[in-house]
DNA sequence: CGACTAATTGATTTGCTTCAAATATCGTGG
DNA sequence: CCACGATATTTGAAGCAAATCAATTAGTCG
């Protein structure tokens, strides 16, 4: 297992400050897997029998409602885990996981993962904390969805993405993976039309610079002001 | 500690099938506390230093946004825990907890609770599962808030409440604690006006029977149909 | 160069909020 | 026991944010 993998595992909040030997143990038990852009890693409703950590690339978690409409629940970056809570609970996956770009993941069968938890009990403590962090995030998103207008929610979504997946460029902070107006709409409970109009207005005002599947934040403070007010 | 307490603890998913001696240990470490209706148990932003289980009554968890608008995140019934995730993460409470009716809770200081977890490791396993269940619930609510119309969301909220706090009456299933139009609005991201109009229409159609701070579900199937379509 | 996917942009509609006021219900103290 | 203040609910009217409808245009890729 190459050193790069261990450093990425170290970044995962689930494995955080475990000793290097433990990380090696964990990495060795996992199966690395290459993913092409658009590939579905697991499907909503599938039995949750695998735990995943992203090594490279970007993955989105999308929930589909009975009527076919979709909501993007989160974007995953390197070092983050997904599928794990469902697997540990012996529940079906509550959403699809789809590679947004070409990616590399490490996956474990849930029984192997439980064995790792037994050998490294710290993982158990972290898993509650990790679920807790996401719980709080989701609670905030619910409050936001309940009370804020669409433009604010789009501003927040773009800020969050720039935060977690920002790459500095001469023009500003660029979201470092391709994202469509449709996906931003599915993150914010809006429509691609409204997102398009909103980004167009922001581009006009010099707050953002957007193009096909690309968004650059030029004026973070202005966006933050949109999100707050 | 009276037997009634132990049976209630048994109902808590966190303590589920622990042996009776363990439950007695847990109950003995906790401080019982009587709450009057409307009393605030902890406040959003307070350091999370206590874990709580409800013994009797009903508690609501309410998040307030910077602009003062509120969102009701959940209603707690006997046997359910609250505040625990924040406490275990050494995080401030992300929301207020307020007794809706006269209630009785059992509370632990977080260090005592951690000690209980050490003595009864099963609690740790359960805590992840418990956080996971709520995680999934919240994800569903986000999808719903993102894509459904207000009437559907109100229908879902009423169904959920009838499910978790339903008391059978001659007329149908009554939500067994007082709930205002305002609170239903804060659960669904709507306004008390819209909730009032919606309930009035349902009452008219014989689907519900509502009064001041009371809601009775007379035709569950019809409500379910509203939620689905 | 097509075929496809993504984005834009105008016109129209609508579900829901907001504004405004009246009415109903409850608890409480005189 | 009734009056009165506080809380909760109803209902109408107006306004608006954002969805929907409807084309058109712009990139991208094989």
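Residue numbers (the numbering used here), protein chains in the order written: chain A, 1 to 229; chain B, 230 to 458. Built from N, CA and C at the ideal position, the CB exists for glycine as well.
Neighbour-count burial assignment, residue 52(A), 16 or more Cβ in a 10 Å radius: Here residue 52(A) refers to the residue found at position 52 when the first chain is read from its first residue. With 16 or more Cβ atoms within 10 Å of its Cβ, residue 52(A) is classed as buried.
In whole angstroms, what separates the C-alpha of residue 167(A) from that of residue 216(A)? Translated into the one-based positions of the first chain, residue 167(A) becomes position 167. Translated into the one-based positions of the first chain, residue 216(A) becomes position 216. Taking the straight line joining both Cα atoms gives about 9 Å.
Where residue 251(B) and residue 257(B) are concerned, what is the direct C-alpha to C-alpha distance, given to the nearest angstrom? Start at 1 with the first residue of the second chain, and residue 251(B) comes out as number 22. Start at 1 with the first residue of the second chain, and residue 257(B) comes out as number 28. When rounded, the distance between both Cα atoms is 10 Å.
What does the alpha-carbon distance come out to for the pair residue 236(B) and residue 125(A)? Here residue 236(B) refers to the residue found at position 7 when the second chain is read from its first residue. Here residue 125(A) refers to the residue found at position 125 when the first chain is read from its first residue. Their Cα atoms are separated by approximately 27 Å.
Would you mind working out which of 193(A), 219(A) and 189(A) sits nearest residue 148(A), comparing C-alpha positions? The residue given as residue 148(A) occupies position 148 in the first chain. Cα-wise, what sits closest to residue 148(A) is 189(A).
Taking C-beta pairs closer than 7 Å, name the residues in chain B that residue 143(A) reaches, listed in chain order. Numbered from 1 along the first chain, position 143 holds the residue referred to as residue 143(A). The answer, in chain order, is 292, 294 and 300.
Do residue 222(A) and residue 172(A) have their beta-carbon atoms positioned less than 9 Å apart in this structure? Walking along the first chain from the start, residue 172(A) turns up at place 172. Walking along the first chain from the start, residue 222(A) turns up at place 222. It is not a contact, given that the beta carbons lie outside the stated cut-off.
Using the DSSP secondary-structure output, state which residues sit across from residue 261(B) in a beta bridge. By one-based count along the second chain, residue 261(B) stands at place 32. DSSP lists 335(B) as partners of residue 261(B).
For residue 310(B), which three-state DSSP category applies? Residue 310(B) sits at position 81 when you count from the first residue of the second chain. Here residue 310(B) sits in strand by DSSP.
Would you kindly report the start and end of the unbroken beta strand (DSSP E) that includes residue 63(A)? Your numbering for residue 63(A) matches position 63 in the first chain. Unbroken beta strand (DSSP E) run through residue 63(A): 59-64.
With distance defined between alpha-carbon atoms, name the residue in 412(B), 447(B), 359(B) and 435(B) nearest to residue 293(B). Reading the second chain from its first residue, position 64 is the one you call residue 293(B). Out of 412(B), 447(B), 359(B) and 435(B), 412(B) has the C-alpha closest to the C-alpha of residue 293(B).
Just to make sure I have the definition right: I need the residues of chain A whose C-beta is within less than 9 Å of the C-beta of residue 323(B). Which are they? The residue you call residue 323(B) lines up with position 94 of the second chain. By Cβ distance, chain A contributes 135, 136, 139 and 140.
In the DSSP assignment, find the unbroken alpha helix (DSSP H) run with residue 278(B) in it and report its ends. In the second chain, the residue the question calls residue 278(B) occupies position 49. Neither: residue 278(B) is in no alpha helix (DSSP H) and is coded neither H nor E.
What residues in its chain sit with their C-beta under 6 Å from that of residue 80(A), if we drop five residues either side in the sequence? Translated into the one-based positions of the first chain, residue 80(A) becomes position 80. Once the five neighbours on either side are set aside, the close Cβ partners of residue 80(A) are 54.
Taking residue 455(B) as the reference, give the member of 383(B), 415(B) and 372(B) with the closest Cα. One-based indexing of the second chain puts residue 455(B) at position 226. When only C-alpha atoms are compared, the closest one is 383(B).
Is it the case that the region 320-329 of chain B contacts the region 359-378 of chain B, given that we only count it when at least three CB pairs across the two stretches are under 8 Å? no
Against chain B, does residue 188(A) count as a neighbour if the rule is that its beta carbon must be under 9 Å from one of theirs? For the purposes of this step, residue 188(A) is taken as the residue at position 188 of the first chain. So yes, residue 188(A) belongs to the interface.
Look at the Cβ atom of residue 332(B), then the Cβ atom of residue 287(B), and state whether they are nearer than 9 Å. Start at 1 with the first residue of the second chain, and residue 332(B) comes out as number 103. Start at 1 with the first residue of the second chain, and residue 287(B) comes out as number 58. Yes. Within cutoff.
When 407(B), 255(B), 321(B) and 249(B) are compared against residue 276(B), the one with the closest alpha-carbon: For the purposes of this step, residue 276(B) is identified with residue 47 of the second chain, where counting begins at 1. Nearest of 407(B), 255(B), 321(B) and 249(B) to residue 276(B), Cα basis: 321(B).
Would you kindly check if the distance between the Cβ of residue 213(A) and the Cβ of residue 199(A) is under 9 Å? Residue mapping note: residue 199(A) aligns to position 199 of the first chain, counting from 1. Residue mapping note: residue 213(A) aligns to position 213 of the first chain, counting from 1. No, Cβ-Cβ distance for residue 199(A) and residue 213(A) is not below 9 Å.
With residue 342(B) and residue 360(B) assumed to form a contact (beta carbons below 8 Å), what rounded beta-carbon distance in angstroms separates them? Here residue 342(B) corresponds to residue number 113 of the second chain, with the count starting at 1. Here residue 360(B) corresponds to residue number 131 of the second chain, with the count starting at 1. Residue 342(B) to residue 360(B), Cβ: 15 Å. No contact.
Contact with chain B by residue 81(A), beta-carbon distance below 9 Å: Working through the first chain from its first residue, we reach residue 81(A) at position 81. Not closer than 9 Å to any Cβ of chain B, the Cβ of residue 81(A) fails to qualify, so no.
Helix, strand or coil for residue 408(B) per DSSP? Here residue 408(B) corresponds to residue number 179 of the second chain, with the count starting at 1. Residue 408(B): coil per DSSP, three-state reduction.
When you compare the CB of residue 320(B) with every CB in chain A, is at least one pair closer than 9 Å? Within the second chain, residue 320(B) is the residue found at index 91, counting from 1. Chain A contact via Cβ: present.
Less than 9 Å separating the beta-carbons of residue 116(A) and residue 203(A)? Position 116 of the first chain holds residue 116(A). Position 203 of the first chain holds residue 203(A). Going by C-beta atoms, residue 116(A) is not nearer than 9 Å to residue 203(A).
For residue 272(B), verify whether its CB is less than 8 Å away from any heavy atom of the ligand FMN. This structure lacks the ligand FMN, and indeed carries no ligand of any kind.
Which chain A residues sit within Cβ distance under 8 Å of residue 425(B)? The residue given as residue 425(B) occupies position 196 in the second chain. Under the 8 Å cutoff, chain A gives no residues; its nearest Cβ is about 18 Å from residue 425(B).
Beta-carbon gap between residue 100(A) and residue 178(A) smaller than 9 Å: For the purposes of this step, residue 100(A) is identified with residue 100 of the first chain, where counting begins at 1. For the purposes of this step, residue 178(A) is identified with residue 178 of the first chain, where counting begins at 1. Their beta carbons are under 9 Å apart, which means residue 100(A) touches residue 178(A) by this criterion.
Residue-level contact to chain A via CB, residue 232(B), 9 Å cutoff: Numbered from its first residue, the second chain carries residue 232(B) at position 3. Since pLDDT at residue 232(B) reaches only 49, below the 50 mark, its modelled position is unreliable, and the value read off the structure follows with that caveat. Output row for residue 232(B): interface = no.
With distances taken Cα to Cα, identify the nearest neighbour of residue 311(B) among 399(B), 299(B), 319(B) and 289(B). Taking the first residue of the second chain as 1, we reach residue 311(B) at position 82. Of 399(B), 299(B), 319(B) and 289(B), the residue nearest in Cα terms is 289(B).
Alpha-carbon to alpha-carbon, residue 90(A) and residue 45(A): Sequence index remark: in the first chain, residue 45(A) carries index 45 (1-based). Sequence index remark: in the first chain, residue 90(A) carries index 90 (1-based). Taking the straight line from one Cα to the other gives about 12 Å.
Within a Cβ cutoff of 8 Å, which residues of the same chain sit near residue 307(B), ignoring the five residues on either side of it in sequence? Taking the first residue of the second chain as 1, we reach residue 307(B) at position 78. If we look at residue 307(B) and ignore the five residues flanking it on each side, its Cβ neighbours are 237, 240, 283, 284, 285 and 286.
Residue 363(B) - partner residues in DSSP beta bridges: Taking the first residue of the second chain as 1, we reach residue 363(B) at position 134. Answer is none; residue 363(B) lacks a bridge partner.
Assigned exposure category for residue 127(A) - 16 Cβ within 10 Å defines buried: Residue numbering aside, residue 127(A) sits at position 127 when the first chain is read from its first letter. Under this definition residue 127(A) is a buried residue.
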